[in-house]
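Quick note: the sequence shown uses UniProt numbering, first residue 1, plus one each step. The structure appears below as structure tokens.
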Amino acid sequence: MAPESVKIDKPQNVCCLVVEYLAGGTLKSYLIKNRIKKLPLKVVVRIALDIARGLSYMHSLNIVHRDVKTENMLLDKEGRVKITDFGVSRVEAANLSEMTVRTGTVGYMAPEVFIGIPYDRKCDVYSFGICLWEIYCCSMPFYNITSIEESSPAFYKVCCE
Numbered sequence: 001m002a003p004e005s006v007k008i009d010k011p012q013n014v015c016c017l018v019v020e021y022l023a024g025g026t027l028k029s030y031l032i033k034n035r036i037k038k039l040p041l042k043v044v045v046r047i048a049l050d051i052a053r054g055l056s057y058m059h060s061l062n063i064v065h066r067d068v069k070t071e072n073m074l075l076d077k078e079g080r081v082k083i084t085d086f087g088v089s090r091v092e093a094a095n096l097s098e099m100t101v102r103t104g105t106v107g108y109m110a111p112e113v114f115i116g117i118p119y120d121r122k123c124d125v126y127s128f129g130i131c132l133w134e135i136y137c138c139s140m141p142f143y144n145i146t147s148i149e150e151s152s153p154a155f156y157k158v159c160c161e
């Protein structure tokens, strides 16, 4: 109990965000743990459907995530996958020429985003395809490419031409 001489002020106009606690960690770490034995097809399909439903809902609201990757997906205690980290997300522009900023993670990035031409929500679908590969194989399709190579002209040529 506070002494009578101490006044405790409650902050006014406080904005709080309450989010679900997802105890399962990232999908990326789950895949790394399972990379030797790989996941049963039933689990792969369940995870893929969870992600597809999340993307479908976001896209129905005209939200483009722009950084779809397994590190931005968390598992709950039942193993259901939720898409997270909307830090670079935005509402899809009516004029696609407004969406040309190269944002996201290169290994998951759609070619049109990588080269800086106008893009839309389909860039998330491309990233989802990379995630599907990763979920099924428990590894990245281009796992041996370093971040330095990702920004090189040779990577651009292989990726985008």
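Positions of the beta carbon are idealized from the N, C-alpha and C atoms, including for glycine. Given the structure is predicted, the values throughout are model-derived calculations rather than measurements.
Less than 7 Å between C-beta atoms, sequence neighbours within five positions excluded: which residues of the same chain meet that for residue i?
i, result
"Y126", "A110"
"V91", "N62 and I63"
"R80", "D50"
"N34", "C138"
What first and last residue would you give for the beta strand (DSSP E) that runs through residue i?
i, result
"K42", "Run containing K42: none in the beta strand (DSSP E); it sits in the alpha helix (DSSP H), L41 to S60."
"I83", "V81 to I83"
If you follow the alpha helix (DSSP H) that residue i is part of, which residue opens it and which one closes it?
i, result
"L74", "Premise fails: L74 lies in the beta strand (DSSP E), M73 to L75, not in any alpha helix (DSSP H)."
"G129", "K122 to C137"
CA-CA distance, residue i and residue j?
i, j, result
"R121", "H65", "8 Å"
"G116", "M99", "9 Å"
"K77", "S97", "41 Å"
"K70", "K7", "The sequence as given places Thr at residue 70; Lys does not occur at that position. Approximately 47 Å between the Cα atoms of the pair."
"D67", "K42", "26 Å"
"K28", "G104", "16 Å"
"K37", "I130", "20 Å"
"residue 184", "T84", "Because the chain spans 1 through 161 in this model, residue 184 falls outside it and cannot be assessed."
When you compare each of the options to residue i by their alpha carbons, which one comes out closest?
i, options, result
"A94", "C123, R53, V68 and Y119", "Y119"
"V45", "W133, D124 and F142", "W133"
"K82", "I47, E112, S89 and D67", "I47"
"F128", "N13, C16, C15 and A52", "A52"
Identify, in the order they occur along the chain, each residue of the same chain with its Cβ nearer than 8 Å to the Cβ of residue i, setting aside the five sequence neighbours on each side.
i, result
"G24", "Y30, L74, L75, D76, K77 and G79"
Leaving aside the five residues before and after residue i along the sequence, list all residues of the same chain whose C-beta is less than 6 Å from its C-beta, in chain order.
i, result
"N72", "T84 and D85"
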